[in-house]
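Residue numbers (this note's numbering): 3 to 311.
Every residue gets a Cβ at the ideal spot worked out from N, C-alpha and C, and that includes glycine.
This structure is a prediction, so every number in the text was calculated from the model and none was measured.
Written below as structure tokens is the structure these notes are about.
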């Protein structure tokens, strides 16, 4: 099918939008650590059932040590670091601005590709970075008293947003390394469905290490009682379930599938459309007025993302 990777990437952008809105709600109700721990643990159950029904094994069969290493590393960077930053940014600046900072992920993906994979960064790529950063600056900078330029958002939220973009971009590149090796070692006599299920098997490895990472953090910070309390919040659990379905189950799996069928940069560009898609539903749900400069900032940032590739 022509442009399958691009179509999957657009679907992922919609999934990310749904996830962002529900994650915002869930984080305010039961806390970011509990949301992340629950969604990844629930995701493991979904993925195990899916793999069992399709390839006859409820676990990532054929994966060797190298696959586990790269996908585990991508989970720690993308989930534990990146999603911790993202979900906490929702608490400070809201999902709308949190998603705006996710336009930084292609920038960080390009830098990670340069460092990890030896990919060349052209002058156009550097210009794209500048345009992306300019778009974000338009959205979050205002002129204060005395003509000084200042942030319209709390610095903590901005730093968390940057961290989220960093985790997402670098995590995607690490995932691609692991998936490429995984695809290369699947034997010729493997079940026919294994090819299409490879992204889901990869996601299961990432979810396993992501869940373990968050549970370890909660144990160290003595926050496990909060996780137990979260399981009694029915509305919070409902939001967490939606976040799970459209995040680590469908969203991440489709994103890994997308990078198999198209260039990682193109996939990142299209998946980064969620800051545009979230504007209207977020404004309706929270009865917030969208400023023209914020719309312009998002569009400029998206133009920078598009220029990358």
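**Request:** Under the assumption that residue 141 contacts residue 296 (Cβ atoms under 8 Å), give the Cβ distance between them as a whole number of angstroms.
**Result:** 5 Å
**9 Å Cβ cutoff, residue 232 in contact with chain B** = The question asks about chain B, but that chain is absent: this structure has only one protein chain.
**Message:** Taking the alpha-carbon of residue 189 as reference, which of 25, 22, 64 has the nearest alpha-carbon?
**Reply:** 64
**Request:** Count the CB pairs spanning the region 36-43 and the region 234-253 that are closer than 8 Å, and state whether there are at least three.
**Result:** yes
**Per-residue burial, residue 153 [other beta carbons within 10 Å of its own, 16 or more giving buried]** = exposed
**Touching by the beta-carbon criterion (3+ pairs, under 8 Å), the region 254-274 and the region 53-62** = no
**For residue 22 and residue 276, believed in contact at Cβ under 8 Å, the rounded distance** = 6 Å
**Prompt:** Assuming residue 91 and residue 100 make a contact with CB atoms under 8 Å, what is their CB distance in whole Å?
**Reply:** 4 Å
**Asked** Can you give the Cα-Cα distance for residue 252 and residue 17, rounded to whole angstroms?
**Response** 8 Å
**Nearest to residue 217 (by Cα), restricted to the options 229, 160, 207** = 229
**Prompt:** Nearest CA to the CA of residue 143: which residue from 85, 286, 282, 299?
**Reply:** 299
**Item:** beta strand (DSSP E) segment containing residue 145, residue limits
**Value:** 143-145
**Asked** Going by alpha carbons, who is nearest to residue 35 out of 145, 226, 57?
**Response** 226
**Message:** If you measure between the beta carbons of residue 184 and residue 198, is that distance less than 9 Å?
**Reply:** no
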